[in-house]
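Below is one structure, written out as structure tokens; comments come after it.
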Amino acid sequence: MSNTPLSPLILVDGSSYLFRAYHVPYLQALSTADGQPTGAITGVLNMIRSLKKDYPNGNIVVVFDAKGKTFRNDMYPEYKANRPPMPDDLRTQIAPLHEIIVAMGLPLLVIEGVEADDVIGTLAHQATQAGIETVISTGDKDMAQLVNEHVRLINTMTNVEMDVAGVIEKFGIRPDQIIDYLALMGDKVDNIPGVEKCGPKTAVKWLLEHENLDNVIANADKVKGKIGENLRNALEQLPLSYQLATIKLDVELEQSVEQLQPKDPNKAKLTELYKQFELRRLLADLQSGEQPAKEASANDDEDANVVIAPENVDYQIVYTQEQFNHWLELLNKAESFAFDTETTSLDYMKAELVGLSFAIEPGKAAYVPLGHDYQDAPQQLAIDWVLAQLKPLLESTKIAKIGQNLKYDANVLSHYDIKMQGIAFDTMLESYCLNSVATRHNMDALAEKYLDYKTVHFEDIAGKGAKQITFNQIDIDKAGHYAAEDADITLRLHQAIYPKLEKLSGQHSVYREIEMPLLPVLARMEQHGVLIDVDLLAEQSQSIGARLQELEVEAHNIAGQSFNLSSPKQLQKILFEELKIPVIKKTPKGAPSTAEEVLQELALDYPLPKVILENRGLSKLKSTYTDKLPLMVSEKTGRVHTSYQQAVAATGRLSSTDPNLQNIPIRSEEGRKIRHAFIAPTDHKIVAIDYSQIELRIMAHLSDDPGLLAAFSQGKDVHQATAAEIFGVELEQVSSDQRRSAKAINFGLIYGMSAFGLAKQLGIARNQAQQYMDKYFERYPSIHGYMEETRQKATEQGYVETLFGRRLYLPEIKSKNAMRRKGAERAAINAPMQGTAADIIKKAMLAVDQWITEQNDKRIKMIMQVHDELIFEIHQDIVEQVTEQLVEIMNSAVELNVPLIAEAGIGDNWEQAH
DNA sequence: CGGGAGACGTA
DNA sequence: GTACGTCTCCCGC
């Protein structure tokens, strides 16, 4: 541990954590074999352990209240007079805890006559003067008064940090107004008098109006109503309340803050104490020499946030109706609970329910096995009975459900006639909205990141690869632990992540107003699926197959030998070694590239590349689409059901898998034919509505560039308008080549391109490209300003945001590696536009879904989303007027400085609808 | 059998 | 030049 002056000072409010830990139910249960309670000890030590890990360079000092009266009792004899005496089973934990902390080598301060808060305040004050940053670890909100530029709070139980901005966000006032605020409200528990009926709202209102307590007092006669009367009645008391609420900054201490340094731990003493109090995990840590610092976290199989050792969790397997009814009662009484389904497949269309797990509080979970059917599996509750009991609960909007990827669970349950409601919190989306790039958002990764806990992995109990068994085959005891842990961890993840998310208003609103409401909408689209013409695809496969054979023969003839056309490696050998064709470009790994653009160029001079190109294009179409799609038709519905991934794309877009319906060909003639096979059912039409130039419109809006805004509001062809500006010609005089160049620039800007990139794209000289761009920025100066500002902001803040507050972190923006840094800069330019477009279409989907729900007409279905396009299936009798409505809803999904234009097409299939 | 590389489909 | 997913090949376990 570093002792340089730069090490932050970590002040631990031991007393506040002691009381909190004492009241945590699952810690209360802990005791030694002979009955000495150890829950509060465990809680405080775990918290210190977690702090050591979070602040590896931190200089930890632990402070406790001393016994007896303090100066506040002299000031006001009734101070804390209402407090009940400390319970015996807590009192007996204090001395051992102190002993352990001392043995750990940490400075421990217990100063008589003052409270721990005052000691902490004094040390923080001294540290600030000595130029040392301070983090105060406390659960006590009153400490917010100590926050300043160099002092912040961390609530280690919830992992929420609070700096000056955090205080303002949380309380609505500045840290230096907190004492005034506390004085106005008073404190029932500590018996501090305040203004009757004045709570946080009123206190903040007054302080925003009058700045401080003195001014509030001075203006007391102006306050109307009963509350004004209460204020005037309290006037005499308020100065005293202010004094009581003020944390002392000048306690006389024997040691200065610089002198409070950790000593080496006394291992022998610690071993003895850990043994005596049966603190097994700490003992194990000590003996293995593990420090809960960075390296340890990889091997650390327990939770550092709210630690529950595996032997202390209560996971029940529910076999009987009595047990089940007990849990049902608990769930019905709960405001919220975490739950998870266990099934036979990751494919929600094929999955069959094998069991359900629930958690109501951390460490306490149940698994209800329903479909384990291995040989000699124990008797389980009947699935129909269990689901009938649970249906009202799962469909209740009153009881909040917490889950990890609840879209999956909702889809599975819908096959059992349960329409889940009250889908309130999804930890996967919480993590995604908090930081889309920090981790993957699967539960195992989240548990490691946020709880420092290694979960039991599915592979651990089911095996992997071809030998993997399905959940119904897994021994119930093993499965039960795994499943109950899933629910438990989900609950704890929610408790760890959501408070962080709540603090960030933009990201929180994206979560609450976009992602969570979208979840059931996506579930419905997935569930409904898309109809495809299997016969048509089979025909196409056949004719493509025939052509591929011809091409293969031709290629072999040209090459003078047989080779695998779809092996880039073999092709490299033939082209660049055997035929001695010059290498134009290399792959990132340094191999000679055979990419499309290279072959296009080579095709001008040589015969083989042309054949390869046609072969490549067609074999991609065949293997990915015409062969594959028919295999993905569900036996149950006769339709194709994609999965929309809501927590994958860093920018906020959706992605689509199994199959990916967002990359169905459109550009090439042959490719487009595949869209013919996306059809509407009898008497229905396919309607495709897409946003026109949405990202460019967003660029105009975000940059507020007058030229671009005007082009859009006048309804001009924007690429043509851009070309006219760059090339200095009349709108009508723009050539198709000029328009093409302008279009490339417009798109390039969205991608954060350079002159180099533009030159390559247009096949022109670099200085020529630079001239185009200079001209562009001269004509649209605000765009230039916006780009520069975005780059700068990204570098300063380490993230960029969309119009609606979705945040994308760019860890590589400060990379020493120029290529990575430039890459991050381009992403920084692109993300606000791509991300805002994603936000907009998601909002449009919500509005559309709501409208469709209101119509209550089964003849209207939203079936696909492709980034800037929504695809519907609508009965022919109503298709015209419904389409008109949908366009209108999409156009008005959000309000920008430019018109938002959606364009619709109607047809018997997706190709026609374009 | 799993996973990286290279290619290519979309917005 | 942005953001994705899926295919085949092919190496290495």
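Read in order, the letters of the first sequence are residues 1012 to 1925 in my numbering. The beta-carbon is built from N, C-alpha and C at its ideal position, and this holds for glycine as well.
**Asked** Do V1023 and L1056 have their C-beta atoms closer together than 8 Å?
**Response** Translated into positions along the first sequence, residue 1023 becomes position 12. Translated into positions along the first sequence, residue 1056 becomes position 45. The answer is no: Cβ separation not under 8 Å.
**Request:** Look up G1177 in the DSSP assignment and say whether it is helix, strand or coil.
**Result:** By 1-based counting over the first sequence, the position of residue 1177 is 166. G1177 falls in the helix class under three-state DSSP.
**Prompt:** What residue from N1908, P1531, A1661, G1116 has the CA that sits closest to L1445's CA?
**Reply:** Position 434 of the first sequence, counted from the start, is the residue given in the question as residue 1445. With distances taken between Cα atoms, L1445 lies closest to A1661.
**Candidates N1828, G1414, K1418: closest to Y1509 by CA position** = Taking the first sequence and counting its residues from 1, one reaches residue 1509 at position 498. Of N1828, G1414, K1418, the residue nearest in Cα terms is G1414.
**Message:** With a threshold of 6 Å on Cβ separation, who are the neighbours of Y1636 within its own chain once the five nearest residues in sequence on each side are excluded?
**Reply:** Against the first sequence, residue 1636 aligns to sequence position 625. Around Y1636: I1685.
**Asked** Three-state secondary structure (DSSP) at H1519?
**Response** Here residue 1519 is taken as the residue at index 508 of the first sequence, counted from 1. H1519 falls in the helix class under three-state DSSP.
**Request:** Would you kindly work out how many angstroms separate the C-alpha atoms of T1648 and L1742, rounded to a whole number?
**Result:** Within the first sequence, the letter at position 637 stands for residue 1648. Within the first sequence, the letter at position 731 stands for residue 1742. Whole-angstrom Cα-Cα distance: 52 Å.
**Item:** Residues near A1924 by beta carbon distance below 7 Å, same chain, minus five either side
**Value:** Stepping through the first sequence from its first residue, residue 1924 is reached at position 913. Here the set comprises I1697, V1698, A1699, G1916, I1917, G1918.
**Message:** By alpha-carbon positions, which one of Q1656, Y1326, I1675 ends up nearest to T1668?
**Reply:** For the purposes of this step, residue 1668 is taken as the residue at position 657 of the first sequence. Measuring from the Cα of T1668, the nearest candidate turns out to be Q1656.
**Asked** My guess is that Y1330 and L1401 are in contact by the Cβ rule of under 8 Å, so how many angstroms apart are they, rounded?
**Response** Along the first sequence, read from residue 1 onward, the residue named residue 1330 stands at position 319. Along the first sequence, read from residue 1 onward, the residue named residue 1401 stands at position 390. Not confirmed; about 16 Å, so no contact.
**Message:** Please return the same chain residues whose Cβ sits closer than 7 Å to the Cβ of K1621, not counting the five positions on each side in sequence.
**Reply:** If you number the first sequence from 1, residue 1621 lands on position 610. Contacts found: A1614.
**Prompt:** In whole angstroms, what separates the C-alpha of P1373 from that of F1436?
**Reply:** As a position in the first sequence, residue 1373 is number 362, starting the count at 1. As a position in the first sequence, residue 1436 is number 425, starting the count at 1. Rounded to the nearest angstrom, the two C-alpha atoms are 16 Å apart.
**Prompt:** Along the chain, where does the beta strand (DSSP E) that runs through E1123 open and close?
**Reply:** By one-based count along the first sequence, residue 1123 stands at place 112. 1119-1124 is the span of the beta strand (DSSP E), which, as asked, contains E1123.
**Collapsed DSSP secondary structure at E1922 in the structure displayed** = The residue you call residue 1922 lines up with position 911 of the first sequence. Coil, per DSSP.
**Request:** Find out if the Cβ-Cβ distance for the pair V1162, T1139 is shorter than 8 Å.
**Result:** What you label residue 1162 is simply residue 151 of the first sequence in a count that begins at 1. What you label residue 1139 is simply residue 128 of the first sequence in a count that begins at 1. Cβ distance < 8 Å, so V1162 and T1139 count as in contact.
**Selected residue, minimal CA-CA separation from E1706, among E1608, A1566, D1879** = What you label residue 1706 is simply residue 695 of the first sequence in a count that begins at 1. Among E1608, A1566, D1879, the Cα nearest to that of E1706 is on D1879.
**Message:** I need the boundaries of the alpha helix (DSSP H) containing V1113, first residue and last residue.
**Reply:** Numbered from 1 along the first sequence, position 102 holds the residue referred to as residue 1113. Per DSSP, V1113 belongs to the alpha helix (DSSP H) from 1099-1114.
**Request:** Compare the C-alpha of E1526 against each of V1365, I1434, G1540 and name the closest.
**Result:** The residue you call residue 1526 lines up with position 515 of the first sequence. That would be I1434, whose Cα lies nearest to the Cα of E1526.
**Asked** How is N1070 classed by DSSP in three states: helix, strand or coil?
**Response** In the first sequence, counting from the first residue as 1, residue 1070 sits at position 59. Strand, per DSSP.
**Item:** Helix, strand or coil at P1603 according to DSSP, with G and I counted as helix
**Value:** Numbered from its first residue, the first sequence carries residue 1603 at position 592. In the structure shown, P1603 sits in a strand (DSSP, three-state: E or B).
**Prompt:** Could you give the distance in angstroms between the alpha-carbon of E1313 and the alpha-carbon of W1217?
**Reply:** As a first step, residue 1313 is located in the first sequence; it is residue number 302 there, counting from the start. As a first step, residue 1217 is located in the first sequence; it is residue number 206 there, counting from the start. Confidence in E1313 is poor, its pLDDT being 33 and thus under 50, which makes the residue's placement too unreliable to answer from.
**Inter-residue Cα distance where the pair is M1536 and L1881** = Translated into positions along the first sequence, residue 1536 becomes position 525. Translated into positions along the first sequence, residue 1881 becomes position 870. Taking the straight line from one Cα to the other gives about 11 Å.
**Prompt:** Per DSSP, what kind of secondary structure is L1367 in: helix, strand or coil?
**Reply:** Numbered from 1 along the first sequence, position 356 holds the residue referred to as residue 1367. Correct three-state label for L1367: strand.
**Asked** For P1204, which residues from the same chain have a beta carbon less than 8 Å from its beta carbon, with the 5 sequence-adjacent residues on both sides left out?
**Response** Start at 1 with the first residue of the first sequence, and residue 1204 comes out as number 193. G1197, A1245, Q1248, L1251, S1252, listed in sequence order.
**Asked** Can you tell me the Cα-Cα spacing of N1166 and L1504, whole angstroms?
**Response** As a working note, residue 1166 is residue 155 in the first sequence. As a working note, residue 1504 is residue 493 in the first sequence. Their Cα atoms are separated by approximately 16 Å.
**Item:** Counted within 10 angstroms of its Cβ, other Cβ atoms place S1714 as buried (16 or more) or exposed
**Value:** Looking up residue 1714 in the first sequence gives position 703. S1714 is buried by the Cβ-count criterion.
**Message:** I'd like the list of long-range same chain contacts for A1458, defined as Cβ closer than 6 Å, with 5 residues on each side in sequence excluded.
**Reply:** Residue mapping note: residue 1458 aligns to position 447 of the first sequence, counting from 1. Here the set comprises Y1464, T1466, I1500.
**Asked** Thinking C-beta only, is R1751 closer than 8 Å to F1767?
**Response** Taking the first sequence and counting its residues from 1, the one referred to as residue 1767 is at position 756. Taking the first sequence and counting its residues from 1, the one referred to as residue 1751 is at position 740. Contact: no.
**Prompt:** Which whole-angstrom value is the C-beta distance of I1238 and K1208, which I expect to be below 8 Å?
**Reply:** Here the question's residue 1238 lines up with position 227 in the first sequence. Here the question's residue 1208 lines up with position 197 in the first sequence. Confirmed, about 6 Å.
**Prompt:** The beta strand (DSSP E) spanning E1470 covers which residue range?
**Reply:** Residue numbering aside, residue 1470 sits at position 459 when the first sequence is read from its first letter. That residue, E1470, is in no beta strand (DSSP E); its alpha helix (DSSP H) goes 1469-1473.
**Request:** Per DSSP, which residues does F1348 bridge with? Please list them.
**Result:** Here residue 1348 refers to the residue found at position 337 when the first sequence is read from its first residue. According to DSSP, which records beta bridges pairwise, F1348 is partnered with K1412.
**Message:** Since L1542 and I1675 should fall inside the 8 Å C-beta cutoff, what is the C-beta to C-beta distance between them, to a whole number of angstroms?
**Reply:** Counting from one through the first sequence, the residue named residue 1542 turns up at place 531. Counting from one through the first sequence, the residue named residue 1675 turns up at place 664. Not really, about 14 Å apart at Cβ, beyond 8 Å.
**Message:** Short of 6 Å in beta carbon distance, which residues of its chain neighbour S1666, apart from the five on each side in sequence? Order them along the chain.
**Reply:** Position 655 of the first sequence, counted from the first residue, corresponds to residue 1666. Q1656, V1659, A1660, listed in sequence order.
**Request:** Please report how far the alpha carbon of Y1493 lies from the alpha carbon of D1471, in whole angstroms.
**Result:** If you number the first sequence from 1, residue 1493 lands on position 482. If you number the first sequence from 1, residue 1471 lands on position 460. Looking at the two C-alpha atoms, the distance is approximately 10 Å.
**Asked** Got a sec? Which residues, its chain only, sit under 6 Å from A1032 by beta carbon, not counting five neighbours each side?
**Response** Translated into positions along the first sequence, residue 1032 becomes position 21. Contacts found: L1038, A1051, G1054, V1055.
**Spatial neighbours of L1242 in its chain, beta-carbon cut-off 6 Å, leaving aside the 5 residues before and after** = Position 231 of the first sequence, counted from the start, is the residue given in the question as residue 1242. V1206, A1231, V1234.
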